[in-house]
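S.K.: Residue numbers (the working numbering), protein chains in the order written: chain A, 1 to 318; chain B, 1 to 351. Ideal Cβ positions, reconstructed from N, Cα and C, are used throughout, including at glycine. What follows is a single structure, and I will ask about it in a moment.
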């Protein structure tokens, strides 16, 4: 706690921050508009959706688990919030809390399976993702939902109320701030890191391991669903599979930010940097009008190159 | 989990040689059965489900029904075999679906014309699979990166390659060859099943029995112990991903023969990757590594495919199918937590 912020930045975070600078410079060389405040704010707005998703993904990854149910829990968030909007004024008012509650429910389900049934998170959350998809297909009869996002959802994701900064960015700041408080200042957060390092040690120190795991998955579910409501507000509608493009970038962002995929190590600052790197990379690749094939290749190569630069494990038989 | 792990690594014959003759064979049998429990459960599930499917199918037990089911199942079975070997080393290959799609697109360009170019095309397709696997393995071993994240990134690269080869769905294939690959032999045996059996006999079994194949199991059980015992970890891991690439490309080859075309479809690749993990688990391979095998994964894949077929013959409302599939998947992996009932110390639950 005594260390200042700068001291707490570790090597991967510096590398990710360096990546942001390189991407910005590269973008600026291609087009001067790239550094205009308007464009940068727009990028931040797009990044904030990924940022909210990555926050939840990071908490679960810190445990040494993974949440593959992000895509359809996010879709549940979007579809259930717009569905609530169709239930009259009371539904409209409660649209966002209701959607987040649905996400928490899916997260609790994940947590119970992983913590109490001891099923590897990789496969259990995959099953939850399939269940979530099934529930939404039944709910919407397979069609795109007709209901529109509530004005509040629209306001939260595209409005610009304070200092001309998009509200979505403020939402990300709020979620991120809560995450930092939780991870750095609470016993829960300490235990999340500790479980990632040695679940056994945490169990032997009489902390309730299983409760922490369930709580972390619930946080991830809440983040995904909240991102779903923001996205539905952004495009005024929810649609099937709206979460599919968020799973892999979220994991990539968390790992690029220096969080170990094995758990126990990582800072939220790194995740912020990782999210911005991924968003800028996607944006630059679409600006230079590279064909989709090239974009996919460059995206993969850049992530690998950054990981090879600093994400390597120590040599030896561990 | 540790019991079958150790049992399957140790030489199966050793148990018989130390115990007196007569009583030994029974213990041997019990030992073999317990080591193969995952495979047997998956096999039993598949046989009963498939019997139900054929019984309910309007066309009954006809060669056509069997052949269609075999072809669909074999695609996932090859991808599941590809997934199994990295999983045994307690790794994971999230690029199997994308290698599958990439080799499908490549095959739709190369496997055409006269027999000789077609044969060269087949070689090129399999070679591409090997190369993709080698890249994954090299990044994991030499790059010292986590397999999940490496294969996530290379998957994107392979998909880019697939898009480059086939920006729009299309292409063609040597049709007599394709029909042979996906048809039935005399006696109604689907050729895809023969292909699967050949892959098991000529690739999986020799691999499983080789030093380097055992090393894969040892690494999955405990990488540290394997390192201490002088197992060449790097080589074993590299080969695991190379084998994975080979099996994925076999699936890509078969898909091209089925559809006569190639398509760079991200949903197809992603779906196969995720289903391959499910098939591996249903087939009795532990995601923690060190136990299981490719034969179980084949039955696991057929179980998953037969569920879909069953929903079809029982006229289930298509709207409810995805939910039902998810429930069956969770239920079947949930069965593995029955082992919790046998855990004596709560400490064993935690890593």
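Cα-Cα, which of 206/B, 173/B and 289/B is closest to residue 253/B?
M.R.: Here residue 253/B refers to the residue found at position 253 when the second chain is read from its first residue. The shortest C-alpha separation from residue 253/B is found at 173/B.
S.K.: Going along the chain, which unbroken runs of the alpha helix (DSSP H) with 4 or more residues stay wholly within the region 171–236 of chain B?
M.R.: Segments of the alpha helix (DSSP H) lying fully in the region 171–236 of chain B: 175–182, 191–199, 205–209, 211–221 and 223–228.
S.K.: Span of the alpha helix (DSSP H) holding residue 233/A?
M.R.: Counting from 1 along the first chain, the entry for residue 233/A is found at position 233. Residues 209–234.
S.K.: Below 8 angstroms between beta carbons: does that hold for residue 69/A and residue 125/A?
M.R.: Translated into the one-based positions of the first chain, residue 69/A becomes position 69. Translated into the one-based positions of the first chain, residue 125/A becomes position 125. Yes; because the gap between Cβ atoms is below 8 angstroms, this pair is in contact.
S.K.: Could you spell out the range, first to last residue, of the alpha helix (DSSP H) harbouring residue 200/A?
M.R.: Here residue 200/A is taken as the residue at index 200 of the first chain, counted from 1. Here the alpha helix (DSSP H) through residue 200/A covers 199–204.
S.K.: Is the region 79–87 of chain A touching the region 146–164 of chain A, taking contact as three or more C-beta pairs under 8 angstroms?
M.R.: Because the criterion of three Cβ pairs below 8 angstroms is met, the region 79–87 of chain A and the region 146–164 of chain A touch.
S.K.: Excluding the 5 residues flanking residue 180/B on each side, which residues of the same chain have their C-beta closer than 7 angstroms to its C-beta?
M.R.: The residue labelled residue 180/B in the question sits at position 180 within the second chain. Excluding positions up to five away in sequence, the list reads 191.
S.K.: Just tell me which of 244/B, 69/B and 36/B has its CA closest to the CA of residue 51/B.
M.R.: Counting from 1 along the second chain, the entry for residue 51/B is found at position 51. That would be 69/B, whose Cα lies nearest to the Cα of residue 51/B.
S.K.: Mind listing, in chain order, the continuous beta strand (DSSP E) runs of no fewer than 3 residues lying wholly within the region 73–101 of chain B?
M.R.: The region 73–101 of chain B contains no whole beta strand (DSSP E) run of 3 or more residues.
S.K.: Which residues of the region 104–128 of chain A have a Cβ closer than 8 angstroms to any Cβ of chain B? Give them in chain order.
M.R.: Cβ contacts with chain B come from 113, 117, 118, 119, 120, 122, 123, 124, 126, 127 and 128.
S.K.: What residue range does the alpha helix (DSSP H) around residue 152/B cover?
M.R.: The residue you call residue 152/B lines up with position 152 of the second chain. Residues 147–165.
S.K.: Does chain E have any CB closer than 8 angstroms to the CB of residue 304/B?
M.R.: Of the chains in the structure shown, none is chain E; the protein chains are A and B.
S.K.: Does the beta-carbon of residue 88/A have 16 or more other beta-carbons within 10 angstroms, so that it is buried, or is it exposed?
M.R.: Start at 1 with the first residue of the first chain, and residue 88/A comes out as number 88. Burial call: exposed.
S.K.: Under the rule that 16 or more other beta-carbon atoms within 10 Å means buried, what is residue 146/B, buried or exposed?
M.R.: Against the second chain, residue 146/B aligns to sequence position 146. Residue 146/B comes out buried.
S.K.: If you measure beta-carbon to beta-carbon, which residues of the region 145–157 of chain B are closer than 8 angstroms to chain A?
M.R.: Listed by position, the residues of the region 145–157 of chain B near chain A (Cβ gap below 8 angstroms) are 145, 146, 148, 149, 150, 152, 153, 154, 155, 156 and 157.
S.K.: Pick out whichever of 239/B, 217/B and 249/B has its Cα sitting closest to the Cα of residue 90/B.
M.R.: For the purposes of this step, residue 90/B is taken as the residue at position 90 of the second chain. Checking every option, the nearest Cα to that of residue 90/B belongs to 217/B.
S.K.: In chain A, which residues lie less than 7 angstroms from residue 336/B when you measure between Cβ atoms?
M.R.: Here residue 336/B is taken as the residue at index 336 of the second chain, counted from 1. Within 7 angstroms Cβ-Cβ: 119.
S.K.: Who are the Cβ neighbours of residue 183/A in its own chain at under 6 angstroms, not counting the five residues just before and after it?
M.R.: Within the first chain, residue 183/A is the residue found at index 183, counting from 1. Once the five neighbours on either side are set aside, the close Cβ partners of residue 183/A are 189.
S.K.: In three-state terms, what does DSSP make of residue 125/B?
M.R.: Taking the second chain and counting its residues from 1, the one referred to as residue 125/B is at position 125. Residue 125/B falls in the helix class under three-state DSSP.
S.K.: Out of 284/A, 268/A and 240/A, state which residue places its alpha-carbon closest to the alpha-carbon of residue 178/A.
M.R.: Translated into positions along the first chain, residue 178/A becomes position 178. If we check each option's Cα against that of residue 178/A, 268/A comes out closest.
S.K.: Using a Cβ cut-off of 8 angstroms, which residues of the region 85–100 of chain B contact any Cβ in chain A, in chain order?
M.R.: So the list reads 92, given in the order they occur along the chain.
S.K.: Does residue 204/B pass the burial test, meaning 16 or more other C-beta atoms within 10 Å, or should it be called exposed?
M.R.: What you label residue 204/B is simply residue 204 of the second chain in a count that begins at 1. Label assigned to residue 204/B: buried.
S.K.: Just how far apart, CA to CA, sit residue 11/A and residue 245/A?
M.R.: Counting from one through the first chain, the residue named residue 11/A turns up at place 11. Counting from one through the first chain, the residue named residue 245/A turns up at place 245. For residue 11/A and residue 245/A, the distance between alpha carbons rounds to 28 angstroms.
S.K.: For a test of the three-state rule: what should DSSP assign to residue 165/A, helix, strand or coil?
M.R.: Looking up residue 165/A in the first chain gives position 165. Here residue 165/A sits in strand by DSSP.
S.K.: Label residue 44/B either buried or exposed according to how many other C-beta atoms from any shown protein chain fall within 10 Å of its C-beta, with 16 as the threshold for buried.
M.R.: Stepping through the second chain from its first residue, residue 44/B is reached at position 44. When all chains shown are included, residue 44/B counts as exposed.
S.K.: Contact check, residue 224/A vs residue 53/A under 8 angstroms by CB: the rounded distance?
M.R.: Translated into the one-based positions of the first chain, residue 224/A becomes position 224. Translated into the one-based positions of the first chain, residue 53/A becomes position 53. With 8 angstroms as the limit, residue 224/A and residue 53/A qualify as a contact, their Cβ atoms being about 6 angstroms apart.
S.K.: Using a C-beta cutoff of 8 angstroms, does residue 188/A count as contacting chain B?
M.R.: Indexing the first chain from 1 puts residue 188/A at position 188. By this cut-off, residue 188/A is not an interface position.
S.K.: Going by C-alpha to C-alpha distance, which of 262/A, 192/A, 274/A and 228/A sits closest to residue 211/A?
M.R.: Against the first chain, residue 211/A aligns to sequence position 211. Residue 211/A has its Cα closest to that of 192/A, out of 262/A, 192/A, 274/A and 228/A.
S.K.: Below 8 angstroms between beta carbons is the criterion; list the residues of the region 277–292 of chain B that meet it against any residue of chain A, in chain order.
M.R.: So the list reads 277, 278, 281, 287 and 288, given in the order they occur along the chain.
S.K.: Under 8 angstroms between C-beta atoms, does residue 138/A make it to chain B?
M.R.: Taking the first residue of the first chain as position 1, residue 138/A is located at position 138. Judged by the 8 angstroms Cβ criterion, residue 138/A is in contact with chain B.
S.K.: Got a sec, what are the start and stop residues for the alpha helix (DSSP H) residue 37/B sits in?
M.R.: Here residue 37/B refers to the residue found at position 37 of the second chain. Element bounds for residue 37/B: 37–56.
S.K.: Between residue 333/B and chain A, is there a C-beta pair that is closer than 8 angstroms?
M.R.: Against the second chain, residue 333/B aligns to sequence position 333. Yes, contact with chain A.
S.K.: Take the Cβ of residue 352/B as the centre, count every other Cβ of all protein chains shown within 10 Å, and call the residue buried at 16 or more, exposed below.
M.R.: What is shown of chain B runs 1 to 351, which leaves residue 352/B out entirely.
S.K.: In whole angstroms, what is the alpha-carbon distance linking residue 266/B and residue 98/B?
M.R.: Looking up residue 266/B in the second chain gives position 266. Looking up residue 98/B in the second chain gives position 98. Rounded to the nearest angstrom, the two C-alpha atoms are 8 angstroms apart.
S.K.: Taking 8 angstroms as the cut-off, decide whether the C-beta atoms of residue 72/A and residue 110/A are in contact.
M.R.: Translated into positions along the first chain, residue 72/A becomes position 72. Translated into positions along the first chain, residue 110/A becomes position 110. It is not a contact, given that the beta carbons lie outside the stated cut-off.
S.K.: Given that residue 127/B touches chain A, what residues does it touch there, using C-beta distances under 8 angstroms?
M.R.: Within the second chain, numbered from 1, the residue matching residue 127/B stands at position 127. Those do not exist, as residue 127/B stays about 19 angstroms from chain A at its closest Cβ, beyond 8 angstroms.
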